[in-house]
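Numbering (my numbering), first residue to last: 222 to 561. Every residue, glycine too, gets a C-beta built ideally from N, C-alpha and C. Being a predicted model, the structure only gives us computed values, none of them experimental.
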Ligand code: SF4
Ligand code: SF4
């Protein structure tokens, strides 16, 4: 179903949803944009840059949250999680795809994270396609796209004075029930915009045999070369929409067991209690980061674990560019292995 939403009607529509939902949408905060709850004043998303700095994964996996409450007398209880119904408006397709990838981590048959599931169940996701390519994004290189629909209930295409509203789920449909069906002309216009946006995305590197090259060159000097200027700050992983490492610590003062975001780029992340660290330097840590996204995810679920959002490129303080690193990886030696 394709509907048409005049932009002039958007602020009122967003405000009307607030009666039943908490509405998150990208808002400007200093130099960056962030997903924040809509209040009476803020309803302007259209002029925001493509991607928020902190990805919307933070709405499903907060940077810090209590899992268990305990007392000094040895009693404890699971932390209560109240989630009111929510709408996340203006998610970019790469970020929606990333949340869907993270479902495979937090919603496994055997291991299910109740907090993640509860937040997912209470959330309607409205995506906004990228009709103008973003500076450092490379979604099409990794098999996704500026108008991918995965993980979304609604996909919006910016037509200038209006949005084409593509309804992708029943829960999404209920939010737009007063809109008119789009004309064939507008539907075609939207298709053209989507195709042009897709074609405008550059191919940042070749992915063919990339996994095998990364795996076969586990001990190569390449990892030293590409990680030499890394500071180990962890920005690339904190801002990555598909990174999900966390640590669990007991905060005795707060009497809470807390889950906090963590990063494989930190020195002590893999430090073992014996004092041994299997990833003692930036070389092993960089190798882990790239191998996880471009080899291990493929083994686990058959998909690349990077949606090409470009954040790690935009925000690395020393300008390390994953696209250049992977282009260089493509020049590594490679032996074809023939399956029995
Ligand atoms: S953001 Fe750059 S410097 Fe910081 S850990 Fe990542 S690659 Fe290293
Ligand atoms: S690795 Fe970089 S480009 Fe890929 S999803 Fe993470 S932040 Fe985005």
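Practice task
Sort out for me which residues DSSP pairs residue 401 with in a bridge.
Solution key: 225
Problem - C-beta contact flag for residue 276 and residue 538 at 8 angstroms - result: no
Practice task
Keeping to the same chain, check which residues put their C-beta closer than 7 angstroms to that of residue 488; ignore five residues upstream and five downstream.
Solution key: 453
Handout entry: Exposure of residue 399, with buried meaning 16 or more beta-carbon neighbours within 10 Å
Key = exposed
Practice task
Given a cut-off of 8 angstroms, decide if residue 547 and residue 460 are closer than it, judged by their beta-carbon atoms.
Solution key: no
Handout entry: C-alpha distance - residue 531 paired with residue 292, whole-angstrom precision
Key = 44 angstroms
Exercise for the section: Provide the residue(s) that pair with residue 312 in DSSP beta bridges, ordered along the chain. Expected result: 348
Practice task
Answer with buried or exposed for residue 325, where buried requires no fewer than 16 other C-beta atoms within 10 angstroms of its C-beta.
Solution key: exposed
Practice task
With residue 275 as the anchor, note down where its beta strand (DSSP E) starts and where it stops.
Solution key: Per DSSP, residue 275 belongs to no beta strand (DSSP E) and is neither H nor E.
Practice task
Reducing DSSP to helix, strand and coil, say where residue 434 ends up.
Solution key: helix
Problem - Coarse secondary structure for residue 548, derived from DSSP in three states - result: helix
Exercise for the section: Just the C-alpha distance for residue 259 and residue 395, rounded to the nearest angstrom, thanks. Expected result: 20 angstroms
Practice task
For residue 475, name the three-state secondary structure that DSSP assigns.
Solution key: coil
Problem - Cβ neighbour criterion (16 or more within 10 Å) applied to residue 549 - result: exposed
Handout entry: Inter-residue Cα distance where the pair is residue 177 and residue 228
Key = An answer regarding residue 177 cannot be provided, because it is not within the stretch 222 to 561 covered by the chain.
Practice task
Would you identify the three-state DSSP class for residue 326, choosing helix, strand or coil?
Solution key: helix
Practice task
Tell me, to the nearest whole angstrom, how far the beta carbon of residue 239 is from that of residue 280; I am working on the premise that it is less than 8 angstroms.
Solution key: Incorrect: roughly 16 angstroms between the Cβ atoms, too far for contact.
Handout entry: Cβ neighbour criterion (16 or more within 10 Å) applied to residue 312
Key = buried
Exercise for the section: Note down, in chain order, each residue of its chain lying with its Cβ closer than 6 angstroms to the Cβ of residue 457, except the 5 sequence neighbours on either side. Expected result: 533 and 537
Practice task
Give the straight-line distance between the Cα atoms of residue 245 and residue 425, rounded to the nearest whole angstrom.
Solution key: 31 angstroms
Exercise for the section: Would you decide whether residue 416 is buried or exposed? Buried here means 16 or more other CB atoms lie within 10 Å of its CB. Expected result: exposed
Practice task
Pull up the CB-CB distance for residue 365 and residue 435, whole angstroms please, since I reckon it's below 8 angstroms.
Solution key: At roughly 20 angstroms, the Cβ-Cβ gap does not stay under 8 angstroms, so residue 365 and residue 435 are not in contact.
Practice task
Ignore the nearest five residues each way along the sequence and tell me which others in residue 447's own chain have a CB closer than 7 angstroms to its CB.
Solution key: 507, 546 and 549
Practice task
State buried or exposed for residue 494, treating a residue as buried only when at least 16 other CB atoms are found within 10 Å of its CB.
Solution key: exposed
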